[in-house]
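*Asks:* Residue numbers (my numbering): 3 to 259.
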Amino acid sequence: MDWDPRQYEQFATPRRRPFIDLVARIAADEPRHVVDLGCGSGATTALLAQRWPAAQVEGIDSSPEMIAAAAATPRVTFSVGDVASWAPAPDVDVIVSNATLQWVPGHRDLLARWAAALPAGGWLAVQVPGNFAAPSHTLMRALTTAPRWSRALGGVLPDEDAVAAPLEYAALLQSAGLEVDVWETTYVHLLDGADPVLAWIRGTALRPVMAALPAGEYAEFEAELGAQLRDAYPANEHGTPFPFRRIFAVGFRGRAG
Ligand SMILES: C[S@@+](CC[C@H](N)C(=O)[O-])C[C@H]1O[C@@H](n2cnc3c(N)ncnc32)[C@H](O)[C@@H]1O
Numbered sequence: 003m004d005w006d007p008r009q010y011e012q013f014a015t016p017r018r019r020p021f022i023d024l025v026a027r028i029a030a031d032e033p034r035h036v037v038d039l040g041c042g043s044g045a046t047t048a049l050l051a052q053r054w055p056a057a058q059v060e061g062i063d064s065s066p067e068m069i070a071a072a073a074a075t076p077r078v079t080f081s082v083g084d085v086a087s088w089a090p091a092p093d094v095d096v097i098v099s100n101a102t103l104q105w106v107p108g109h110r111d112l113l114a115r116w117a118a119a120l121p122a123g124g125w126l127a128v129q130v131p132g133n134f135a136a137p138s139h140t141l142m143r144a145l146t147t148a149p150r151w152s153r154a155l156g157g158v159l160p161d162e163d164a165v166a167a168p169l170e171y172a173a174l175l176q177s178a179g180l181e182v183d184v185w186e187t188t189y190v191h192l193l194d195g196a197d198p199v200l201a202w203i204r205g206t207a208l209r210p211v212m213a214a215l216p217a218g219e220y221a222e223f224e225a226e227l228g229a230q231l232r233d234a235y236p237a238n239e240h241g242t243p244f245p246f247r248r249i250f251a252v253g254f255r256g257r258a259g
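#1: For Val128, which option in Ala196, Ala166, Pro55 has the closest C-alpha, if you only look at C-alpha atoms?
#2: Does DSSP put Ala172 in a helix, in a strand, or in coil?
#3: For the candidate residues Arg19, Phe223, Ala89, Tyr10, whose alpha-carbon lies nearest to that of Val36?
#4: Check whether the Cβ atoms of Leu159 and Thr146 lie closer than 8 angstroms to each other.
#5: Taking the beta carbon of Pro198 as the centre, do at least 16 other beta carbons fall within 10 Å, making it buried, or is it exposed?
#6: Just list the residues that DSSP pairs Thr187 with in beta bridges.
#7: Per DSSP, which residues does Gly61 bridge with? Please list them.
#8: What is the rounded straight-line gap between the Cα of Leu231 and the Cα of Pro121?
#9: Does the beta-carbon of Ser65, which I'm using as the reference point, lie nearer than 7 angstroms to any heavy atom of ligand 1?
#10: Closer than 8 angstroms is the cut-off here; do at least three beta carbon pairs connect the region 204-214 with the region 10-23?
#11: Counting beta carbon pairs with one atom in the region 19-34 and one in the region 237-255, are three or more of them shorter than 8 angstroms?
#12: Decide if Met3 is buried, meaning its Cβ has at least 16 other Cβ atoms within 10 Å, or exposed.
#13: Identify whether Ala167 lies in helix, strand or coil by the three-state DSSP scheme.
#14: Who are the Cβ neighbours of Gly179 in its own chain at under 7 angstroms, not counting the five residues just before and after it?
#15: Looking at C-alpha atoms only, which residue of Glu32, Ala72, Gln104 is the closest neighbour of Pro210?
#16: Tell me which residue opens and which closes the alpha helix (DSSP H) that Trp116 is part of.
#17: Could you tell me the alpha carbon to alpha carbon distance between Pro7 and Ala29, rounded to whole angstroms?
#18: Out of curiosity, what's the CA-to-CA distance linking Pro33 and Leu175?
#19: Which stretch, first to last residue, makes up the beta strand (DSSP E) that contains Pro131?
#20: Going by other Cβ atoms of all chains shown within 10 Å of its Cβ, with 16 needed for buried, is His109 buried or exposed?
#21: If you count every other CB in all the chains shown that lies within 10 Å of the CB of Thr46, and 16 or more means buried, which is it?
#22: From the DSSP output, read off the bridge partner residues of Phe254.
#23: For Glu239, count the other beta carbons within 10 Å of its own beta carbon; 16 or more makes it buried, fewer makes it exposed. Which is it?
#24: Put Val158 into one of helix, strand or coil per three-state DSSP.
#25: Thinking just about the alpha-carbon of each residue, which of Leu50, Asp84, Tyr220 is nearest to the one in Ala154?
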């Protein structure tokens with residue numbers, strides 16, 4: 003599945019907000035090594051480098067397109083890699099993963115491993131979308147199961163349990179001995195332009211559909227979905243309100259004594 007950095011960054015400001023809210027809860031003073039897992043085109047990684055000017059900062063993403071779009075940033079290294087096979091070096095004091103783990107099957111086990119490996123004073127902070135039951139996703143999933151599309155699209159989209167409930171993330175991090183700070187928020191983004199919800203998910207949730215269909219059929223799928231999304235997310239005189247639930251989990255390993 004390909005990613006398109008320009009499409010993703012079309013909504014850079016509202017997409018960045020959860021990352022900023024997540025990182026605000028990390029109280030690390032002088033981490034040695036900070037890693038951004040699923041860093042996309044590196045804009046979030048650059049913010050981590052600003053926040054911790056003495057740290058070695060690393061961004062890892064499985065998309066060559068995203069990594070190619072990352073701007074060179076002092077002290078930051080970017081590499082193409084799968085977070086599923088990543089393991090922290092002993093000096094990694096801060097692990098951040100924003101809006102990525104919903105794409106990674108088995109991410110609960112990964113989180114448990116990363117949490118267990120965290121050194122004293124270390125932080126693990128993740129954010130995942132909690133909107134799999136929102137119309138943007140239920141309409142899209144329902145359409146993939148319609149007779150017209152089910153043969154090509156059956157099973158290409160993650161289902162609702164692609165992410166865990168906040169309580170489950172809290173328990174998982176606590177089991178690894180971390181102090182936890184877990185919460186959820188529904189942002190009401192106000193989007194501009196025509197069909198903005200379709201444009202938003204074109205940069206993310208629709209990517210597997212795009213990858214599975216020839217261009218002409220994908221255009222038909224989008225037209226059908228777009229009409230449904232316009233009804234589900236009506237525009238008003240201010241724009242198109244787009245409620246978006248997100249789940250945040252931060253864990254900290256205290257220093258003994
Ligand atoms: C929605 S974007 C988030 C990008 C960035 N973290 C941000 O907050 O803007 C999701 C990113 O996860 C990456 N991704 C998905 N599965 C991955 C995996 N198994 N390993 C590494 N990166 C992955 C995608 O390539 C994509 O860049």
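We put the CB at the ideal spot given by N, CA and C, even for glycine.
Quick caveat, the model's predicted, so the values are computed rather than measured.
*Replies:* With the given structure in hand:
#1: Ala166
#2: helix
#3: Ala89
#4: yes
#5: buried
#6: Arg248
#7: Asp38, Phe80
#8: 46 angstroms
#9: yes
#10: yes
#11: yes
#12: exposed
#13: coil
#14: Arg255
#15: Gln104
#16: 109-119
#17: 30 angstroms
#18: 20 angstroms
#19: 125-131
#20: buried
#21: buried
#22: Trp125, Glu181
#23: exposed
#24: coil
#25: Tyr220
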